[in-house]
Amino acid sequence: VSPGIARGKAFIYHSSPWGSIPRSQIGREEVGAEIVRFESALEKSALELEALESNLKTQLGDVESGIFEAHLSLLRDPEFVRRIKQRVHSDLVNVGHAVELQIQDLERALAAVGNEYLRERSQDIRDVGRRLLNHLSPPADGRGASLSSVPPGSIVIAEELLPSDTVELDRPNVAALVTAKGGGTSHAAILARALGLPYITGIADATQLISPGDTVLVNGESETVTVAPSTEQAAAFSEAKMHYDEQTRRIVDAEFEECVTRDGVRIALFANIGRLDDCNFVKGHYLAGVGLFRTEFLFMREPAPPSLDKHHQAYSAAARALHPLPIVIRTLDLGGDKQPAFLKARDSGKVFRGLRFSLAEPELFNTQLRAILRAADQHRNVRVLFPMVLGSEDFRQAIETLQAIGRQEQIKSLPPVGAMIETPSAVFTINEILERADFISIGTNDLTQFMLAADRNAAGLNDEYSVLQPSILRAIASVSEAAQSKGRGVCICGEAAGDPKIAALMVGMGIRELSMSPTRAARVRYLLRRVCVAVLKKRAQKALQAKEANSVKEAIHDLPD
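The sequence shown begins at 4 in my numbering and counts up by one.
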């Protein structure tokens, strides 16, 4: 479920035992204390998940960080919390047992679903349950191994790896993963691919068949696991690994070269970043600048709204670090279930996201815009991007607000202003939006989710809910054509930009700017330097005429790796 070739010694991982919380009857007078313990465990778990989500968004991207956003959603689901509290009240049992029963109920419900993607979400249910139980009843010493510190060259062998196990991995020391349970759309598999770890699953009784310290060969290309290899097997494996490593070396070595196709078309590769420190990755990966600077880090987990000075310091420092490369600062994309603590406390009842949320919170919005304009006036490499634009009206309001603040600040030249196209309404009103926009960015993750009526965390994880659906490709193509006809720049900012073959397809559709997690840029650059746009145009035409995602995959599957 994740490509790559690795050799190492088996490290057998047994996670903390599941189903080990005994049932204890409590007195009516103990209920209050159990509820307090539960709420404390919820809060501690939420803080851990928020930190994981923030770090992953920076290191890997939106899809991977969204895994833990989904975990947070379960923790904050009123029905989930209510049912656990109800068990404590009505059954007079310890809260750990109540949590365990509720998790098992949810697992059973998912196990009965016919859809593979939804069945694999039971991993996430177990993961959330284990996190809560670890705070309610911390494992005693010796209960389960830790993956945060393993010997160098370890092949981790496990019955199952949950998403939290995967992000806890001592990455430099782990060579590959082998499990009995799991699937290609499991969140552990998604994380393994993002981390560049070979991962093979479906090896029944793996933890019994393989002993600690066994020599193990994992070949993600041939989908095989070899234990205690013979001389002949070891020699064949060494040859396959040498070929794979040579290809990887060529990709890394070519990272400093310009991203120009074989027929001379220049493609600009930008970075998506979510923190100030991430600016270091941009020049380190030879990127053309920042195509998406997410600013939510200034708001989340904060007890009060960030001050004008805090905003300005962050934006000015980022612009200064990147100068003269451009930086596109996206205004806050909050709303719905993604709200900072200082807004949750007042329970505003606003459920919309992105630009509409900002327009409904003028004090927050105006402070942010003022800080961005000051940074732009100082450094001249700043651009402004408004998220989740619905059409010309909300975009007009945002621009007029920016212009009014510019007059107050006596700023003579405003920075370029862009609209993020990630809603169906924006696709259908693209011409009106382009009348006001200096550039546009297409957010393929949210566009896919909203156009396919998909779960946020399903979008992008399998073909059924991916950007490869012909309807999504046609929407992107229509937006790109409209932007080109008006001489406006257009950039792909979603996860599609970081997938080499999908990125090549976007280039065939006329896209010339791609913004991605910095760690994904090398493989995208390597592929694009080996293809001709003339060929990619033919592939794009074939994909746009396809009736299903599988046909789109066929149109690009034989592009060079």
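Glycine is no exception: its CB is placed at the ideal position from the N, C-alpha and C atoms. All of these numbers come straight from a predicted model, not from anything done at the bench.
Presumed contact (8 Å Cβ cut-off) between Arg333 and Arg297, rounded CB distance: 6 Å
Is Tyr318 helix, strand or coil by DSSP? helix
- Answer yes or no: do Ala257 and Tyr16 have a C-beta to C-beta separation smaller than 7 Å? no
- prompt: Between Ala49 and Leu78, which are expected to be in contact by the criterion C-beta below 8 Å, what is the C-beta distance as a whole number of angstroms?
  reply: 6 Å
Practice prompt. Could you spell out where the beta strand (DSSP E) holding Leu388 opens and where it closes?
Written response: Val385 to Phe389
Residues bridged to Ala525 by DSSP?
None, per the DSSP bridge assignment.
Review point. Among the residues of its own chain, which have a CB less than 8 Å from the CB of Gly156, if the five just before and after it don't count?
Key: Arg10, Gly11, Lys12, Asn176 and Ala178
**OP:** Work out the CA separation of Gly394 and Phe368 for me, nearest whole Å.
**Re:** 19 Å
Next on the checklist: Let's see if you can read the secondary structure: which residues bound the alpha helix (DSSP H) around Tyr247?
Outcome noted: Thr234 to Asp256
Review point. Among Ile445, Ser140 and Arg252, which residue has its Cα nearest to the Cα of Ala101?
Key: Ser140
Does DSSP put Arg26 in a helix, a strand or coil? coil
* To do: Could you tell me the boundaries of the alpha helix (DSSP H) in which Asn283 lies?
  => Cys282 to Gly287
Discussion item. Let's test the definition: count the other Cβ atoms within 10 Å of the Cβ of Lys489 and tell me whether it reaches 16, buried, or not, exposed.
Written reply: exposed
For Ser43 and Glu103, the rounded distance between their alpha carbons: 17 Å
| message | Tell me the residue span of the beta strand (DSSP E) that contains Leu367. | response | Here Leu367 belongs to no beta strand (DSSP E); instead the alpha helix (DSSP H) covers Pro365 to His382.
Please confirm whether Val91 and Val84 have their CB atoms less than 7 Å apart.
no
Margin query: Taking the alpha helix (DSSP H) that Arg10 belongs to, which residues open and close that run?
Written below: Premise fails: Arg10 lies in the beta strand (DSSP E), Ile8 to Tyr16, not in any alpha helix (DSSP H).
Extent of the continuous beta strand (DSSP E) to which Met423 belongs: Val420 to Ile424
- Message: Here's a check: name, in chain order, each residue in its chain whose Cβ is nearer than 7 Å to the Cβ of Ala524, leaving out the five neighbours to either side.
- Response: Leu272, His288 and Leu290
query: Roughly how many angstroms separate the alpha carbons of Pro166 and Gly185, rounded to a whole number?
result: 11 Å
Does the stretch 317-325 come within contact of the stretch 362-380, defined as at least 3 CB pairs closer than 8 Å? yes
- Message: Helix, strand or coil for Met519? Go by DSSP, reduced to three states.
- Response: strand
Practice task
Throw me the rounded Cβ distance for the Arg533 and Arg265 pair, which I believe falls under 8 Å.
Solution key: 7 Å
Helix, strand or coil: which one does DSSP assign to Arg297?
-> strand
Q | Reduced DSSP category for Thr264 - H, G, I as helix; E, B as strand; rest coil | A | coil
Nearest residue (CA-CA) to Phe284, options Asp502, Ala324, Ile203 and His246 | Ala324
_Residue closest to Asn553, alpha-carbon to alpha-carbon, out of Arg491, Leu517, Thr522 and Val470_ = Val470
Based on DSSP bridge pairs, tell me the residues matched to Gly492. Phe442
Can you pull the DSSP bridge partners for Ser5?
Tyr202
Can you tell me the Cβ-Cβ gap for Pro503 and Ala274, rounded? I've got them flagged as a contact below 8 Å. Incorrect: roughly 16 Å between the Cβ atoms, too far for contact.
Val387 to Asp280, Cα distance in whole Å?
20 Å
| message | Taking the straight line between their C-alpha atoms, what separation do you get for Arg133 and Ile24? | response | 11 Å
*asked:* Just list the residues that DSSP pairs Ser416 with in beta bridges.
replied: Answer by DSSP bridge pairing: none, since Ser416 is not bridged.
By the DSSP assignment, the beta strand (DSSP E) with Ser157 in it spans what residues? Ser157 to Ala161
*Based on the DSSP output, what are the partners of Thr218 in its beta bridges?*
Lys12
Cβ-based burial, Asp130 [other Cβ within 10 Å; buried from 16]: buried
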